[in-house]
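Participant: The structure is given below, and queries will be raised subsequently.
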Ligand code: NAD
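Residue numbers (our numbering): 236 to 613.
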């Protein structure tokens, strides 16, 4: 079968890591008889340089015609002094809203191979894990097109005292649809779902709790729990193994998933899927349109130095196959190839052990790591 995949490399390490995701898809396609037509598109800083705007209309239009969008990362110091509406990050918000992807799925698991890259002590990991192993495996489902990132904002001048405001705004429908994605995921996992909010203070969080309490009744086989976000931030460090699926708002999910990424060894390992509804206008063949991207940014500090870890981008391609193309087997092949290269001791610098005396580890660059995954797949 033929599939059109929009590709936005973006800025910094984005194009480097996404090129390996594309190569991995080419190899899988050849092996399994699928043709992926990659449509290169511009967004972010490079689009500002070329067209004067972070998200050219052409990018959004062409992406809509595809099955999915693979995204590297956008932004960097070069564009940091531009006014807010012209910043590269506006492209991300524009893509998410324009492509209707309202649920961001961020798996964070500690692979046994990367145990030494996790900053938590073994006994902390073990104590919190129901199976007593020093690991964890959780999924953060972050609402992506609502809340404070999209609410009304502004500045006011009161004499010589300037003030600024951003508004956290949620409707019951927005909360309900992302909760349903969370419950669907929990049903395929360990059947636990934790709603994270700040309902002791925020009215919008109280609406989250009320909505969750009503929806939870429809999923009697899933154990629903609630945590305030400050407690959740602490519990993630004290006992990450207690969590299965966490569903939360845009802002809280942004912060908690970065915290979880450190526990998983490195931000360079974590993939994400941002999906819409399987029955909206952009869905193809009954599957949701999705934006698939590593959770890290453009890392300008390491761009073009052959240091960046390409595995988060490669694992994002696997998520794309699973969610938007319905290719579970192919997705698993990519994930297996990644664990195989880790089994062989290959490590980019960010996932090397914290202790220096681990003998079976070999520190490699982006290219060697990418090639190793391709070799496993061939
Ligand atoms: P960042 O994720 O780019 O980098 C944080 C740290 O992690 C850096 O030390 C970096 O070297 C390291 N790192 C990130 N990805 C890595 C990888 N694949 N391999 C090895 N190390 C990796 O976050 P930042 O420094 O806060 O932001 C840099 C730029 O990226 C900013 O302009 C920011 O706005 C942008 N950003 C974009 C996105 C996105 O496009 N989705 C997300 C976050 C930040």
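Heads up, the beta-carbon is just placed ideally off N, CA and C, and yes, glycines get one too.
Quick one: give me the first and last residue of the beta strand (DSSP E) that residue 487 is part of.
Facilitator: For the purposes of this step, residue 487 is taken as the residue at position 252 of the chain shown. Here residue 487 belongs to no beta strand (DSSP E); instead the alpha helix (DSSP H) covers 485 to 498.
Participant: Using the C-alpha atoms, what's the distance from residue 471 back to residue 465?
Facilitator: Here the question's residue 465 lines up with position 230 in the chain shown. Here the question's residue 471 lines up with position 236 in the chain shown. Computed Cα separation, rounded: 10 Å.
Participant: So, helix, strand or coil for residue 457, using DSSP?
Facilitator: Looking up residue 457 in the chain shown gives position 222. The answer is coil: DSSP assigns residue 457 none of H, G, I, E or B.
Participant: Strictly by DSSP, which residues pair up with residue 353?
Facilitator: Translated into positions along the chain shown, residue 353 becomes position 118. Paired residues: none, contrary to the question.
Participant: For residue 614 versus residue 278, is the C-beta distance shorter than 8 Å?
Facilitator: Limits of the chain in this structure are 236 at one end and 613 at the other, which puts residue 614 out of reach.
Participant: In the structure shown, what three-state DSSP assignment does residue 266 receive?
Facilitator: Stepping through the chain shown from its first residue, residue 266 is reached at position 31. If DSSP states are grouped into helix, strand and coil, residue 266 belongs with the helices.
Participant: Following the continuous alpha helix (DSSP H) through residue 301, name the residue where it begins and the one where it ends.
Facilitator: Working through the chain shown from its first residue, we reach residue 301 at position 66. Taken as a continuous stretch (DSSP letters only), residue 301 belongs to no alpha helix (DSSP H), as it is neither H nor E.
Participant: Short check: CB of residue 352 to CB of residue 495, under 8 Å?
Facilitator: Along the chain shown, read from residue 1 onward, the residue named residue 352 stands at position 117. Along the chain shown, read from residue 1 onward, the residue named residue 495 stands at position 260. No. Outside cutoff.
Participant: Given 8 Å as the limit, is there contact between the segment 483 to 491 and the segment 372 to 386, that is, 3 or more CB pairs closer than that?
Facilitator: As far as the Cβ criterion goes, the segment 483 to 491 touches the segment 372 to 386, which means the pair count is three or higher.
Participant: Select from 428, 455, 461 the residue whose C-alpha is nearest the C-alpha of residue 441.
Facilitator: Within the chain shown, the letter at position 206 stands for residue 441. Here the closest residue by C-alpha is 461.
Participant: So what's residue 507 in DSSP terms, helix, strand or just coil?
Facilitator: One-based indexing of the chain shown puts residue 507 at position 272. Reduced to three states, the DSSP call for residue 507 is strand.
Participant: Does the Cβ of residue 400 have 16 or more other Cβ atoms within 10 Å, making it buried, or fewer, making it exposed?
Facilitator: Residue mapping note: residue 400 aligns to position 165 of the chain shown, counting from 1. The residue is exposed, with fewer than 16 neighbouring Cβ atoms inside 10 Å.
Participant: Near residue 556, what residues of its chain come up, given a Cβ to Cβ distance below 6 Å and the 5 sequence neighbours on each side ignored?
Facilitator: One-based indexing of the chain shown puts residue 556 at position 321. Answer for residue 556: 562, 565, 566, listed in chain order.
Participant: Should residue 585 be listed as close to the ligand NAD, given that the test is whether its C-beta is under 7 Å from any heavy atom?
Facilitator: Position 350 of the chain shown holds residue 585. Yes.
Participant: Return the CA-CA distance between residue 508 and residue 435, expressed in angstroms with no decimal places.
Facilitator: Looking up residue 508 in the chain shown gives position 273. Looking up residue 435 in the chain shown gives position 200. Taking the straight line joining both Cα atoms gives about 30 Å.
Participant: Taking only heavy atoms of the ligand NAD into account, decide whether any of them is closer than 7 Å to the Cβ of residue 533.
Facilitator: Within the chain shown, residue 533 is the residue found at index 298, counting from 1. It does: the Cβ of residue 533 is within 7 Å (strictly closer) of some heavy atom of the ligand NAD.
Participant: Since residue 602 sits in a beta bridge, which residues does DSSP pair it with?
Facilitator: Stepping through the chain shown from its first residue, residue 602 is reached at position 367. Per DSSP, none; premise fails for residue 602.
Participant: Helix, strand or coil for residue 470, going by three-state DSSP, please let me know.
Facilitator: Along the chain shown, read from residue 1 onward, the residue named residue 470 stands at position 235. It is helical.
Participant: Does any heavy atom of the ligand NAD sit closer than 7 Å to the C-beta of residue 536?
Facilitator: As a working note, residue 536 is residue 301 in the chain shown. Yes, since a heavy atom of the ligand NAD falls inside the 7 Å radius drawn around the Cβ of residue 536.
Participant: Kindly indicate if chain C contains any beta-carbon less than 8 Å away from that of residue 455.
Facilitator: Reference to chain C is not applicable here, since this structure consists of a single protein chain.
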